[in-house]
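Each residue of the sequence shown is one higher than the last, beginning at 30 in this note's numbering.
Beta carbons are placed, not taken as given, at the ideal position from N, Cα and C, and that holds for glycine.
Since we're looking at a predicted model, the values are computed, not measured.
In what follows, a single structure is set out as structure tokens and then discussed.
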Amino acid sequence: MNTPTPGTLHIVATPIGNLGDFTARAVETLKRVAAICAEDTRHTRPLLQQFGIATPLLALHDHNESKASAALVHRLLAGDSLALVSDAGTPLVSDPGYRLVRMAREAGIRVSPVPGASALVAALSVAGLPSDRFVFEGFLSAKASARRERLQGLVAEPRTLIFYESSHRIRDFLVDARDAFGGTRKAVVARELTKLFETVLDGDLDALLQQVESDANQQKGEFVVLVEGAADDVDAKIAEGQRLYAKLCEYLKPSQAAKLAAELSGAPRKALYGGEAVE
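Written out as structure tokens, the structure is:
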């Protein structure tokens with residue numbers, strides 16, 4: 030008995046809003062695979078119906094991915110080709126799927142991308158911020174303390190920072206970002222990209238927070254927030270030193286905290302001790 034040739038796992042991007050962004054290759058791929066693994070079948074089914082795709086749907090989400098992946102890999106090894114989609118955009122970008130991809134690759138199965146829309150790349154392309162190097166942070170914690178701590182940890186990061194945020198937390202996120210990075214740090218708030226009410230606001234964090242607070246419409250939809258990185262190496266070292274100093278002061282005398290923070294960050298000690306402001 031011959032061993033079947035394994036199928037292919039296709040990672041297929043879907044539109045983030047505008048249906049015109051669904052590529053012909055993506056539609057064709059989804060029509061010919063044996064099944065489509067979807068984050069939320071209720072969300073994906075109307076999209077497939079719109080394009081005449083009758084392929085069976087299987088649920089693959091955070092709660093079942095670990096268990097479901099083994100069965101899916103078994104199907105792939107038996108010869109079935111499968112597709113993976115998320116609710117919108119490119120799968121695995123702040124969405125489930127990496128466990129399945131890793132397990133498939135470990136089993137020697139071909140994993141093939143079918144590229145398309147991605148909210149983070151779309152936002153970066155229109156932001157007007159440095160795009161040669163960037164850091165994608167996705168959704169930060171819904172807990173305010175954890176979110177603030179993470180933002181503080183990124184103060185010295187020189188690369189452009191990219192975050193996803195929801196409508197009910199966008200204002201709180203901007204407040205925390207302003208407090209962490211300072212009101213004059215440049216940023217962009219991209220909302221409802223490719224959709225009817227798409228807006229892209231730019232300015233410093235103080236101005237953006239004011240715009241969002243003063244316009245209820247700017248608090249609706251799905252958001253990508255981009256923040257310019259630290260200005261240069263000196264500023265980055267000082268920002269990191271100030272972050273370390275504030276944390277170390279919880280456990281050490283100020284003079285000891287400043288000395289250790291300066292050693293770890295490379296920032297001038299005088300810029301840290303006594304909370305001196307640095308221009």
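Item to complete: Indicate the three-state DSSP secondary structure (helix, strand or coil) for ASP161 in the structure shown.
Response: Residue mapping note: residue 161 aligns to position 132 of the sequence shown, counting from 1. Reduced to three states, the DSSP call for ASP161 is coil.
Worksheet entry | Alpha-carbon to alpha-carbon, LEU149 and ALA55 | Here the question's residue 55 lines up with position 26 in the sequence shown. Here the question's residue 149 lines up with position 120 in the sequence shown. Approximately 20 angstroms, taken between the alpha carbons.
Worksheet item: Helix or strand or just coil, what does DSSP make of HIS90?
Response: The residue labelled residue 90 in the question sits at position 61 within the sequence shown. Look at HIS90 here: in three-state DSSP terms it is coil, with no helix or strand label.
Worksheet item: Using the beta-carbon count (16 or more within 10 Å), is LEU48 buried or exposed?
Response: Translated into positions along the sequence shown, residue 48 becomes position 19. Exposed: under 16 other Cβ atoms inside 10 Å.
Fill in: SER115, buried or exposed, once every other Cβ within 10 Å from all chains shown has been counted against 16
Along the sequence shown, one-based indexing puts residue 115 at 86. When all chains shown are included, SER115 counts as buried.
Practice prompt. To the nearest angstrom, report how far apart HIS103 and PRO85 are at their CA atoms.
Written response: Within the sequence shown, residue 103 is the residue found at index 74, counting from 1. Within the sequence shown, residue 85 is the residue found at index 56, counting from 1. As the crow flies, the alpha-carbon of HIS103 is around 17 angstroms from that of PRO85.
Worksheet item: Beta-carbon separation of VAL41 and VAL143 under 7 angstroms?
Response: If you number the sequence shown from 1, residue 41 lands on position 12. If you number the sequence shown from 1, residue 143 lands on position 114. VAL143 is positioned such that its CB atom lies closer than 7 angstroms to that of VAL41.
Worksheet item: From SER170 to GLY258, what distance separates their C-alpha atoms?
Response: Numbered from its first residue, the sequence shown carries residue 170 at position 141. Numbered from its first residue, the sequence shown carries residue 258 at position 229. Cα atoms of SER170 and GLY258: separation of roughly 21 angstroms, rounded to the nearest angstrom.
Worksheet item: Measuring CA to CA, which of GLY118, GLU94 and ALA151 is closest to MET132?
Response: In the sequence shown, residue 132 corresponds to position 103, counting from 1. Answer by Cα proximity: GLU94.
Worksheet item: DSSP three-state call for VAL228: helix, strand or coil?
Response: One-based indexing of the sequence shown puts residue 228 at position 199. The residue you asked about is not Val; residue 228 is Thr in the sequence shown. The DSSP-derived three-state label of THR228 is strand.
Worksheet item: Can you tell me where the beta strand (DSSP E) with LYS215 in it begins and where it stops?
Response: Stepping through the sequence shown from its first residue, residue 215 is reached at position 186. DSSP places LYS215 in the uninterrupted beta strand (DSSP E) bounded by 215–220.
Discussion item. Here's the rule: buried if 16 or more other CB atoms are within 10 angstroms of the residue's CB, otherwise exposed. What is ALA156?
Written reply: The residue you call residue 156 lines up with position 127 of the sequence shown. With 16 or more Cβ atoms within 10 Å of its Cβ, ALA156 is classed as buried.
Discussion item. Measuring alpha carbon to alpha carbon, tell me which residue in GLY46, ALA67 and ILE267 is nearest GLY145.
Written reply: Counted from its first residue, the sequence shown places residue 145 at position 116. That would be GLY46, whose Cα lies nearest to the Cα of GLY145.
Fill in: Entirely enclosed beta strand (DSSP E) segments - the segment 128–161, minimum 3 residues
Secondary structure in the segment 128–161: the beta strand (DSSP E) runs of 3 residues or longer, each lying completely within the stretch, are 139–143 in chain order.
Worksheet item: When the Cα of GLU227 is compared with those of GLY250, ILE199 and LEU237, which residue comes out closest?
Response: The sequence position of residue 227 within the sequence shown is 198, counting from 1. When only C-alpha atoms are compared, the closest one is GLY250.
Worksheet entry | Separation of ARG200 from GLU194, as counted between CA atoms | For this step, residue 194 is matched to residue 165 along the sequence shown. For this step, residue 200 is matched to residue 171 along the sequence shown. Those two C-alpha atoms are separated by around 10 angstroms.
Worksheet item: Below 8 angstroms, can you find three or more Cβ-Cβ pairs linking the segment 240–247 to the segment 282–302?
Response: No: the two stretches stay apart, fewer than three of their Cβ pairs being nearer than 8 angstroms.
Worksheet item: What separation, rounded to the nearest whole angstrom, lies between the Cα atoms of LEU273 and LYS299?
Response: To locate residue 273, count along the sequence shown from 1; it is residue 244. To locate residue 299, count along the sequence shown from 1; it is residue 270. Rounded to whole angstroms, the gap between the alpha carbons of LEU273 and LYS299 is 14 angstroms.
Discussion item. Please classify GLU305 as buried or exposed, where buried requires at least 16 other C-beta atoms within 10 Å of its C-beta.
Written reply: Position 276 of the sequence shown, counting from 1, holds the residue named residue 305. Since pLDDT at GLU305 reaches only 44, below the 50 mark, its modelled position is unreliable, and no value is offered.
Worksheet item: By how many angstroms is the C-alpha of THR58 removed from the C-alpha of THR52?
Response: Residue mapping note: residue 52 aligns to position 23 of the sequence shown, counting from 1. Residue mapping note: residue 58 aligns to position 29 of the sequence shown, counting from 1. Each residue's CA atom was taken as its position, placing THR52 and THR58 some 10 angstroms apart.
Item to complete: Could you spell out where the alpha helix (DSSP H) holding GLU242 opens and where it closes?
Response: Translated into the one-based positions of the sequence shown, residue 242 becomes position 213. For GLU242, the enclosing alpha helix (DSSP H) stretches over residues 234–243.
Practice prompt. Return the CA-CA distance between ASP50 and ALA152, expressed in angstroms with no decimal places.
Written response: Within the sequence shown, the letter at position 21 stands for residue 50. Within the sequence shown, the letter at position 123 stands for residue 152. Looking at the backbone, the Cα of ASP50 and that of ALA152 are separated by about 15 angstroms.
Worksheet item: Do THR43 and SER110 have their C-beta atoms closer together than 7 angstroms?
Response: As a position in the sequence shown, residue 43 is number 14, starting the count at 1. As a position in the sequence shown, residue 110 is number 81, starting the count at 1. No, they are not a contact pair.
Fill in: Host alpha helix (DSSP H) of GLU57 (start-end)
Within the sequence shown, numbered from 1, the residue matching residue 57 stands at position 28. Unbroken alpha helix (DSSP H) run through GLU57: 53–61.
Worksheet item: Taking just the CA atoms, how far does PRO125 sit from VAL62?
Response: Numbered from its first residue, the sequence shown carries residue 62 at position 33. Numbered from its first residue, the sequence shown carries residue 125 at position 96. Their backbone Cα atoms lie some 20 angstroms apart in a straight line.
Fill in: Contact under 7 angstroms by Cβ, VAL204 with LEU255
Position 175 of the sequence shown, counting from 1, holds the residue named residue 204. Position 226 of the sequence shown, counting from 1, holds the residue named residue 255. In this structure, the beta-carbon distance from VAL204 to LEU255 does not fall below 7 angstroms.
Discussion item. Taking a contact to mean a Cβ-Cβ separation below 7 angstroms, would you say ALA219 touches VAL253 in this structure?
Written reply: Numbered from 1 along the sequence shown, position 190 holds the residue referred to as residue 219. Numbered from 1 along the sequence shown, position 224 holds the residue referred to as residue 253. Taking 7 angstroms as the cut-off, the Cβ atoms of ALA219 and VAL253 count as close.
Worksheet item: chain D beta carbons: is any one of them nearer than 7 angstroms to that of ALA175?
Response: Within the model displayed, chain D is absent; a lone protein chain is all it includes.
Discussion item. Just to confirm the assignment, what range does the beta strand (DSSP E) spanning THR70 have?
Written reply: Stepping through the sequence shown from its first residue, residue 70 is reached at position 41. No beta strand (DSSP E) contains THR70, which is instead part of the alpha helix (DSSP H) from 70–79.
Worksheet entry | Residue of HIS90, ASP91, THR70 and HIS92 minimising C-alpha distance to ALA83 | The count along the sequence shown starts at 1 and reaches residue 83 at position 54. For the set HIS90, ASP91, THR70 and HIS92, the Cα lying nearest the Cα of ALA83 is the one of THR70.
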